[in-house]
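First residue of the sequence shown? That's 0 in numbering that gives the first Met the number 0, and the numbers climb one at a time after it. Inspection log for the structure reproduced underneath, given as structure tokens.
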Amino acid sequence: MASGVVGVPLGSWLGAALIKRFPRAHPIICGLGLLLSAPAIALAMMLAPVTQYTPFVLMFFGELALNLNWAIVADMLLYVVVPPRRSTAEAAQILVSHMFGDAGSPYLVGVISESLKTTLGTPGEAPTLAVQFKSLQYALFVTCFVEVLGGVFFLLTAIYIVRDKNRVDRAIAEAEAQSSQSPQSSTQDATD
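And the structure:
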């Protein structure tokens, strides 16, 4: 919880501070956050059987890096979508994020863990605590792989984000120009 309380505002602050000088800062912050989070969380899981406090410290920093992207993702989404479609885009992003993240991933990790129990355990016997731990640990490594994949996609997004934002800015400017011309032309038609 503390990593979220610190990570979300830190990500927002970093994004606001860096976007002025580096127009591609938002996806880079998100990508680097995910790429830093994955090894910290993986190392925390590997060290859990060996040491008591180090995994908690690593997990805190891994989750802090992971939480850097929440506010920034919403901001990026809003500036690459034209205003009439922003609420729909934000709703779709939240739905997909929670569907595959919060709602779907625990089930997937559980399925992988249960599958690994049969592979790691002795056939015909109940899995030992060590087998249960290892199967859950290995299943959780999938989340680290997904983080790396997400980090790569965010870094690829950095290539296109400025172009996409400029397109939206142009579309907004064109729409505003058309709407400012419309009332003048209708009043001229009424006087003629």
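Where a beta carbon is used, it is the ideal one built from N, C-alpha and C, also for glycine.
Using 9 Å as the threshold, is the C-beta distance between valine 81 and alanine 24 below it?
The residue given as residue 81 occupies position 82 in the sequence shown. The residue given as residue 24 occupies position 25 in the sequence shown. Contact flag unset, no.
Would the stretch 61–71 count as touching the stretch 11–27 if we require 3 or more Cβ pairs under 8 Å?
yes
Limits of the alpha helix (DSSP H) - the one that aspartate 74 falls within
Taking the sequence shown and counting its residues from 1, one reaches residue 74 at position 75. Unbroken alpha helix (DSSP H) run through aspartate 74: 68–78.
Leaving out the 5 sequence neighbours to the left and right, which residues in its chain are closer than 7 Å to tyrosine 137 when beta-carbon positions are compared?
Sequence index remark: in the sequence shown, residue 137 carries index 138 (1-based). Closer than 7 Å at the Cβ level, and outside the excluded window around tyrosine 137, lie Leu115.
Euclidean distance between Cα positions of histidine 97 and lysine 19:
Walking along the sequence shown from the start, residue 97 turns up at place 98. Walking along the sequence shown from the start, residue 19 turns up at place 20. Spanning the two alpha carbons is a distance of roughly 31 Å.
Using the Cβ count rule (16 or more neighbours within 10 Å means buried), how would you classify glutamate 124?
Here residue 124 corresponds to residue number 125 of the sequence shown, with the count starting at 1. Looking at its Cβ environment, which holds fewer than 16 other Cβ atoms inside 10 Å, glutamate 124 is exposed.
For glutamine 136, name the three-state secondary structure that DSSP assigns.
The residue given as residue 136 occupies position 137 in the sequence shown. Glutamine 136: helix per DSSP, three-state reduction.
Around the C-beta of phenylalanine 144, are 16 or more other C-beta atoms found within 10 angstroms, so that it is buried, or is it exposed?
Translated into the one-based positions of the sequence shown, residue 144 becomes position 145. Label assigned to phenylalanine 144: exposed.
Could you give the distance in angstroms between the alpha-carbon of arginine 162 and the alpha-carbon of phenylalanine 140?
To locate residue 162, count along the sequence shown from 1; it is residue 163. To locate residue 140, count along the sequence shown from 1; it is residue 141. Approximately 35 Å, taken between the alpha carbons.
What's the call for isoleucine 40, buried or exposed, on a 16-neighbour Cβ count within 10 Å?
The residue labelled residue 40 in the question sits at position 41 within the sequence shown. It counts as buried.
Enclosing alpha helix (DSSP H) for phenylalanine 55 [first to last residue]:
As a position in the sequence shown, residue 55 is number 56, starting the count at 1. Start and end: 53–65.
Best match in Val56, Gly109, Gln51 and Pro38 for proximity to glutamine 131 [C-alpha to C-alpha]
As a first step, residue 131 must be located in the sequence shown, where it is residue number 132. Comparing Cα positions, the closest option is Gly109.
How many Å lie between alanine 16 and glycine 10 at the Cα?
Locating residue 16 in the sequence shown gives position 17, counting from the first residue. Locating residue 10 in the sequence shown gives position 11, counting from the first residue. Distance between the alpha carbons of alanine 16 and glycine 10 is about 10 Å.
Tell me which residues share the same chain as serine 134 and place their Cβ nearer than 6 Å to its Cβ, disregarding the 5 neighbours each side in the sequence.
As a first step, residue 134 is located in the sequence shown; it is residue number 135 there, counting from the start. The answer, listed in chain order, is Ser112, Leu115, Lys116 and Leu119.
Can you check which of these residues, Leu63, Pro83, Trp12 and Gln92, is closest to serine 2 by C-alpha distance?
Indexing the sequence shown from 1 puts residue 2 at position 3. Of the candidates Leu63, Pro83, Trp12 and Gln92, the one whose C-alpha sits nearest the C-alpha of serine 2 is Leu63.
Do leucine 76 and arginine 85 count as a contact pair if the criterion is CB distance below 9 Å?
Numbered from 1 along the sequence shown, position 86 holds the residue referred to as residue 85. Numbered from 1 along the sequence shown, position 77 holds the residue referred to as residue 76. Yes; because the gap between Cβ atoms is below 9 Å, this pair is in contact.
Identify, in the order they occur along the chain, each residue of the same chain with its Cβ nearer than 7 Å to the Cβ of methionine 58, setting aside the five sequence neighbours on each side.
Walking along the sequence shown from the start, residue 58 turns up at place 59. These residues qualify, in order along the chain: Ile40 and Ala43.
How would you call phenylalanine 99, buried or exposed, if buried means at least 16 neighbouring beta carbons within 10 angstroms?
Indexing the sequence shown from 1 puts residue 99 at position 100. Phenylalanine 99 is exposed by the Cβ-count criterion.
Is it buried or exposed, asparagine 66, if we count other Cβ atoms within 10 angstroms and call 16 or more buried?
Here residue 66 refers to the residue found at position 67 when the sequence shown is read from its first residue. Burial call: buried.
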